[in-house]
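Number of protein chains: 2
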Amino acid sequence: MLSKKTKYGLKALTFLAAQKDKLPVQIAEISKQENISQKFLESILLSLRKTGILGSKKGKGGGYYLIKEPKEILMTDVMRILEGPIALVPCVSLNFYEKCEDCPDEKTCSVNKLMLKVRDANLAVYRNNTLADLVSI
Amino acid sequence: MLSKKTKYGLKALTFLAAQKDKLPVQIAEISKQENISQKFLESILLSLRKTGILGSKKGKGGGYYLIKEPKEILMTDVMRILEGPIALVPCVSLNFYEKCEDCPDEKTCSVNKLMLKVRDANLAVYRNNTLADLVSI
DNA sequence: AATTACCCTATCTATTTAATAGAGTAAACA
DNA sequence: TGTTTACTCTATTAAATAGATAGGGTAATT
């Protein structure tokens, strides 16, 4: 199941991408328009800023804005920040690899075998989609 | 993240599929060979039996066995039983559809848009893989 | 009839998710 | 320079879920 964090994060990013100008948008504005708890959204936007997806500006007229063009923002990056590893088990993770302690041999492990295919399928989707693809025309 | 329930279930199914004969295998045997808590495994095998994947036999020489040939057992069915809906959000689920209460319009929802593609990618994998594909040669 | 192994119910703990509160800090503008 | 505005951080809490465990009951073989 997709976490609300990811759901909210995607909605916020899409909201920013849909702005005509590139002026900063306040948290309060996004939270109101997208029905998201303001405090929760705060922490989500913060993590997106710290990982280089968003920029922020303080003071009057401040808020959050996209640093790159929507079509330059890959879903692989966004999903890893918001949802964590794309792989469903650490033993098939590209960026967060870990050996399963209860598994004697990855090469003959059926879970590994299936989850490798699942990972590849998901990666393909996330690599082929950018934020621009999520904005409705 | 994949739940341990699913992980254990897949390992147990693969273990059964790898048997030379089709004699029932005891829970204790599977739990020992695959490093799985016996009681937990009990409940997993039970749900696989109730959904028509496994059969069971009581008394001496009893245990669990596959009802169908491994290549007839689709991962779509197995995953739905063990892990639940394949879709990550209910609004794109084929078998467990539900409207998101916080989303005004699915057609313009970015989460819906992305998760639809993710669902299709995952479905494709699960439809194209059977239990037979998980057994190492 | 006794054995073997499945079947069911209940409980407990740890972890994670989601939401909330409150105080602190930095930047913009008059 | 001071005030406003809005971002930033820490901590707390409630709810849900996962995972594990215990113990008793029941059905089918031999």
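If you read the sequences in order, they're chains C and U. Take the first sequence: its position 91, counted from the start at 1, is 256 in the numbering used here, and no numbers get skipped. Take the second sequence: its position 133, counted from the start at 1, is 298 in the numbering used here, and no numbers get skipped. Built from N, CA and C at the ideal position, the CB exists for glycine as well.
Taking the continuous beta strand (DSSP E) assigned at C:Gly-228, which residues delimit it?
-> Residue mapping note: residue 228 of chain C aligns to position 63 of the first sequence, counting from 1. The continuous beta strand (DSSP E) containing C:Gly-228 extends over residues 228-231.
Since C:Ala-193 meets chain U, which of its residues come closer than 8 angstroms, beta carbon to beta carbon?
-> Position 28 of the first sequence, counted from the start, is the residue given in the question as residue 193 of chain C. Within chain U, no residue comes near C:Ala-193; the closest Cβ sits about 17 angstroms away, beyond 8 angstroms.
Any beta-carbon of chain U closer than 8 angstroms to the one on C:Val-190?
-> One-based indexing of the first sequence puts residue 190 of chain C at position 25. Not an interface residue.
Cut-off 6 angstroms between Cβ atoms - residues of its own chain near C:Ile-238, not counting five sequence neighbours on either side | For the purposes of this step, residue 238 of chain C is identified with residue 73 of the first sequence, where counting begins at 1. Closer than 6 angstroms at the Cβ level, and outside the excluded window around C:Ile-238, lie Thr-295 and Leu-296.
Please check the pair U:Val-276 and C:Leu-175, which I expect to be a contact at CB under 8 angstroms, by giving their CB distance rounded to whole angstroms.
-> Residue numbering aside, residue 276 of chain U sits at position 111 when the second sequence is read from its first letter. Residue numbering aside, residue 175 of chain C sits at position 10 when the first sequence is read from its first letter. Yes, U:Val-276 and C:Leu-175 are in contact; Cβ-Cβ is about 5 angstroms, under 8 angstroms.
Nearest to U:Tyr-230 (by Cα), restricted to the options U:Gln-191, U:Ser-196 and U:Val-254 | The residue you call residue 230 of chain U lines up with position 65 of the second sequence. The residue with the shortest Cα to Cα distance from U:Tyr-230 is U:Gln-191.
Using a Cβ-Cβ cut-off of less than 7 angstroms, list which residues of the stretch 254-275 of chain C approach chain U; keep chain order.
-> Val-254, Asp-267, Thr-273 and Ser-275
Drop a sphere of 10 angstroms on the beta-carbon of C:Ala-252, count the other beta-carbons inside from all chains shown, and report buried for 16 or more, exposed for fewer.
-> Counting from 1 along the first sequence, the entry for residue 252 of chain C is found at position 87. Classification of C:Ala-252: buried, given that the 10 Å Cβ count is 16 or more.
Buried or exposed: C:Met-166, going by 16 or more other Cβ atoms within 10 Å of its Cβ?
-> Here residue 166 of chain C refers to the residue found at position 1 of the first sequence. By the neighbour-count definition (other C-beta atoms within 10 Å, threshold 16), C:Met-166 is an exposed residue.
Could you check the C-alpha separation between U:Cys-265 and C:Asp-267 for me, to the nearest Å?
-> The sequence position of residue 265 of chain U within the second sequence is 100, counting from 1. The sequence position of residue 267 of chain C within the first sequence is 102, counting from 1. Distance between the alpha carbons of U:Cys-265 and C:Asp-267: 38 angstroms.
Measure from the alpha carbon of U:Leu-210 to the alpha carbon of each residue in U:Ala-183, U:Ile-246 and U:Lys-185, then state which is nearest.
-> Mapped onto the second sequence, residue 210 of chain U falls at position 45. Nearest of U:Ala-183, U:Ile-246 and U:Lys-185 to U:Leu-210, Cα basis: U:Ile-246.
For U:Leu-299, return the contacting residues in chain C, with the cut-off set at a CB-CB distance below 7 angstroms.
-> Working through the second sequence from its first residue, we reach residue 299 of chain U at position 134. Here the neighbours are Ser-275, Lys-278 and Leu-279.
For U:Ile-232, which of U:Tyr-173, U:Ala-182, U:Asp-298 and U:Ala-286 has the nearest alpha-carbon?
-> Within the second sequence, the letter at position 67 stands for residue 232 of chain U. Selected option, being the one with the closest Cα: U:Ala-182.
Identify the continuous alpha helix (DSSP H) that holds U:Gly-174 and give its terminal residues.
-> As a first step, residue 174 of chain U is located in the second sequence; it is residue number 9 there, counting from the start. Segment 169-182, the alpha helix (DSSP H) holding U:Gly-174.
Proximity below 8 angstroms, CB of U:Ser-196 to CB of U:Leu-206 | As a working note, residue 196 of chain U is residue 31 in the second sequence. As a working note, residue 206 of chain U is residue 41 in the second sequence. Against a cut-off of 8 angstroms, the Cβ pair of U:Leu-206 and U:Ser-196 comes out as a contact.
Distance, Cα to Cα, C:Thr-241 vs C:Glu-248?
-> Against the first sequence, residue 241 of chain C aligns to sequence position 76. Against the first sequence, residue 248 of chain C aligns to sequence position 83. When rounded, the distance between both Cα atoms is 10 angstroms.
Could you work out which residues of chain C lie near U:Ser-167, taking near to mean beta carbons separated by less than 7 angstroms?
-> For the purposes of this step, residue 167 of chain U is taken as the residue at position 2 of the second sequence. First, the amino acid is wrong: residue 167 of chain U is Leu here, not Ser. Result: Leu-253, Val-254 and Met-280.
Is the Cβ-Cβ distance between U:Gln-184 and U:Ala-193 less than 8 angstroms?
-> Numbered from its first residue, the second sequence carries residue 184 of chain U at position 19. Numbered from its first residue, the second sequence carries residue 193 of chain U at position 28. Result no, Cβ atoms of U:Gln-184 and U:Ala-193 do not sit closer than 8 angstroms.
In terms of DSSP beta bridges, what is U:Leu-316 paired with?
-> Within the shown structure, residues of chain U are numbered from 166 to 302, placing residue 316 of chain U beyond reach of any answer.
Cutoff 8 angstroms; reference U:Gly-227; Cβ partners in own chain excluding five residues on either side = Counting from 1 along the second sequence, the entry for residue 227 of chain U is found at position 62. Hits under 8 angstroms: Pro-189, Gln-191 and Ser-221.
Who are the near neighbours of C:Lys-170 in its chain, counting only those whose CB is closer than 7 angstroms to its CB and skipping five residues on each side?
-> Here the question's residue 170 of chain C lines up with position 5 in the first sequence. Only Ile-209 and Leu-247 meet the Cβ criterion.
Have a look at the DSSP bridge pairing and note the partners of C:Gly-220.
-> Along the first sequence, read from residue 1 onward, the residue named residue 220 of chain C stands at position 55. Partner(s): C:Tyr-230.
Report the residues of the stretch 169-184 of chain U with a CB closer than 7 angstroms to any CB of chain C, ordered along the chain.
-> Lys-172, Leu-175, Lys-176 and Thr-179
Per DSSP, which residues does C:Val-190 bridge with? Please list them.
-> Numbered from 1 along the first sequence, position 25 holds the residue referred to as residue 190 of chain C. Answer by DSSP bridge pairing, in chain order: C:Tyr-229.
How many whole angstroms separate the CB atoms of U:Ala-289 and C:Ala-286, which I take to be in contact at a CB cut-off of 8 angstroms?
-> Taking the second sequence and counting its residues from 1, one reaches residue 289 of chain U at position 124. Taking the first sequence and counting its residues from 1, one reaches residue 286 of chain C at position 121. Contact holds; Cβ gap of about 7 angstroms.
Can you tell me which of U:Leu-178, U:Leu-279 and U:Gln-198 puts its alpha carbon nearest to the alpha carbon of U:Arg-214?
-> Position 49 of the second sequence, counting from 1, holds the residue named residue 214 of chain U. When each option's Cα is compared against that of U:Arg-214, the closest is U:Leu-178.
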